[in-house]
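In terms of our numbering, the sequence shown is residues 790 to 1298. Take a look at the structure below.
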Amino acid sequence: MVITLLRVLFFSHLKNTLVCLDDIERKSNGLPMSEIMGLVNYLKNERRCQVLMIMHDEESDDKEYFDKHKEKVFDEVLILDESLSIIKDKISDIETFPIYEKFYQTMGVRNLRFYQRVQRIYQEIIKHSSSLSKLSKEEILRQILIIKLVNDIPKVLYVDMKELEMYFSEDGLDDRLDIFLKSDDDALKATVRTKKEFVEEKLSKFHPNFRMHGWSIVVIELITNINIDSEKFERLLNQDLINEEALESDREKEVLISEHHSLNAGDNFNQRLFESGVKQIGRETLTNLSFYCNTLKKNGEMVLSVQLEDFVKDYIRRKVSENSDYWHKEKWYFFDVESYDIFYEYLVQVVKERKLEIKQINDINLICEAFKRFYQNGYHSEELFEAMRDIQEDDLNTLLWQPIDNERDRKQYIRKILQHPAFRFRKIVQTMFTNGVLLRDKNWILVNNNYRENILSAPYQPSISLLKTEEVRRWTLKLLKKRATDNPNSRAAIANWLEYSNNLKNLNS
């Protein structure tokens, strides 16, 4: 149908003409390569035309079909795959060209238009600030090249933008934790491991330390929205998220690793390796930090090795104490623990001690943090489960009104709190009466909500059964009404919500 229309509208009078078809890789998905090659064949054989077709095959989704049928349609296929000199002329930036050249050689992208698009984005960022250092500019360009590659030519790394962010951004860690801590799909876990390792290995030839942070936000916005968010841009400049010292540290590390593998390490290698290792604490995985310590030890520098190991252990203990996110292995290791690792057992022990400490002190701040983590990503925080289950009304007030990322979602946050598994229990109150007078109110006994056995068999010990969720709901209702009284401006919003939700009994309303 498409070919018929083209013949009628465009080619009925076309004969003995040179026809050029360009940008074939940008064709509509609704126009198959078979029809384009059929058109070329028609022009050549029926209309006696000379046809020149230009296509960047690395961007084309039809390369396999084209390669299979090209000899039947075209008399000659000319491959122009050496465009570095042209790129150099077009870029005309001596300072940054070595980065383009390394990307060209390691990633195999030959498309001139790709580099022109990258250069436009780079210039758009650079022109907004004259204060960026040379190292910062270079890091920005590397980020643009990689992100633009995934966005424009995803088949080079076989990942899309969402996967790239999951593998290489701090925010993506939550997604990885969801897969490795919650999912029972071993095939999915294996796929994630394999793909991440493949991409890391491929990128290591160009940018061994690639992580999506700081300027990645601006780069992605420029690729997707064309314009720079000036507020974010200024914040990045002020915070200096592309830290000069961190970039220089990465450079030093690469030099040291190259020396190590060259079998010809230079002067003061061990001291330089130690200093680099100290700078990498908090930035490298424990696997790589183990490599630093082991190398120093094998080189006979026991004092430096032990000193670096102590620094790493101090950092582990501090982070585990500060934030329970660091209790998870995935926060410290990308995947499996290597046989030469020297920190994993220590990490396990520190986490175990911290859990015991928290259980003993019953800190409301930690409890609030655990509930917020459940609201954000569904983690149950088993280490704090009992403390969360036993929360009282005064602490609930602190919990309900703690700061959250988006205050507009306060109702959703409260809903999630009421739905926490810690509250899916019944409380059994045992009492003893004499002549109708209460003699003793024994401690709460908590059993699973699905537990049906009558554990109170003595006839002289009647019991009252209350669902913990119901108790927390009543407290929440009381606190919301108090908030409406204390802040009359919120009275309508609270009253409407309580009406729609039937006093929080219908949490899905």
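Cβ atoms here follow ideal geometry from the backbone N, Cα and C, with glycine treated the same way. Given the structure is predicted, the values throughout are model-derived calculations rather than measurements.
Residue i in three-state terms, based on DSSP
{"i": "F999", "result": "coil"}
{"i": "F1214", "result": "strand"}
{"i": "L1245", "result": "With a pLDDT of 39 at L1245, under the threshold of 50, the predicted position of this residue should be treated as unreliable, and no value is reported."}
{"i": "M842", "result": "strand"}
{"i": "V945", "result": "helix"}
{"i": "V808", "result": "strand"}
{"i": "S958", "result": "strand"}
{"i": "N1224", "result": "Low confidence applies to N1224: its pLDDT is 48, below 50, so where it sits in the model is not reliable, and the reading given next is rough at best. Coil."}
{"i": "L820", "result": "coil"}
{"i": "S1290", "result": "coil"}
{"i": "L803", "result": "coil"}
{"i": "L992", "result": "helix"}
{"i": "N1238", "result": "Any answer about N1238 is weak, because its pLDDT of 40 lies below 50 and its placement is not dependable; what the coordinates show is given next. It is coil, neither helix nor strand."}
{"i": "L921", "result": "coil"}
{"i": "L1256", "result": "strand"}
{"i": "Y1164", "result": "helix"}
{"i": "Y1122", "result": "coil"}
{"i": "S881", "result": "coil"}
{"i": "P1192", "result": "coil"}
{"i": "L867", "result": "coil"}
{"i": "L1075", "result": "helix"}
{"i": "P1251", "result": "At P1251, the pLDDT of 49 sits below 50, so the modelled position is not reliable; the number obtained from the coordinates is stated separately. Coil, per DSSP."}
{"i": "I1070", "result": "coil"}
Rounded distance between the beta-carbons of residue j and residue i, thought under 8 Å
{"i": "Y1135", "j": "I1105", "result": "7 Å"}
{"i": "I936", "j": "S1005", "result": "7 Å"}
{"i": "Y854", "j": "S881", "result": "About 37 Å; that fails the 8 Å criterion."}
Residue i vs residue j beta-carbon contact at 8 Å
{"i": "F1132", "j": "R1178", "result": "no"}
{"i": "T1258", "j": "L1207", "result": "yes"}
{"i": "V829", "j": "V862", "result": "yes"}
{"i": "L1075", "j": "Y1122", "result": "yes"}
{"i": "L1185", "j": "V1261", "result": "yes"}
{"i": "W1264", "j": "E1196", "result": "no"}
{"i": "S958", "j": "M1001", "result": "yes"}
{"i": "L1085", "j": "V1101", "result": "no"}
{"i": "E890", "j": "L867", "result": "no"}
{"i": "I914", "j": "I929", "result": "yes"}
{"i": "P997", "j": "E1043", "result": "yes"}
{"i": "I1203", "j": "A1176", "result": "no"}
{"i": "I933", "j": "V1008", "result": "yes"}
{"i": "D1113", "j": "E1158", "result": "The residue you asked about is not Asp; residue 1113 is Ser in the sequence shown. Yes; because the gap between Cβ atoms is below 8 Å, this pair is in contact."}
{"i": "L1268", "j": "L1287", "result": "no"}
{"i": "K1161", "j": "Q1138", "result": "no"}
{"i": "I876", "j": "L901", "result": "yes"}
{"i": "R899", "j": "F1124", "result": "no"}
{"i": "H858", "j": "M896", "result": "no"}
Nearest candidate by alpha-carbon position, reference residue i, set the options
{"i": "V948", "options": "Q912, R1162, M1091 and K985", "result": "K985"}
{"i": "E1119", "options": "M955, E928, I1203 and I1180", "result": "M955"}
{"i": "D1194", "options": "A976, Q1165 and I880", "result": "Q1165"}
{"i": "H1209", "options": "I1180, N1059, P1192 and T1187", "result": "I1180"}
{"i": "K994", "options": "L946, A979 and V1008", "result": "L946"}
{"i": "Q1201", "options": "A1281, N1295 and E865", "result": "N1295"}
{"i": "L803", "options": "R837, I1283, D856 and N1285", "result": "R837"}
{"i": "E1111", "options": "L1062, I843 and D1152", "result": "D1152"}
{"i": "D1103", "options": "G1071, G1089, L1093 and E1090", "result": "G1071"}
{"i": "M842", "options": "D811, V1109, V988 and L832", "result": "D811"}
{"i": "R906", "options": "E927, K879 and L924", "result": "K879"}
Every unbroken alpha helix (DSSP H) within the stretch 1087-1117, with a cutoff of 4 residues, ordered by chain: 1091-1111
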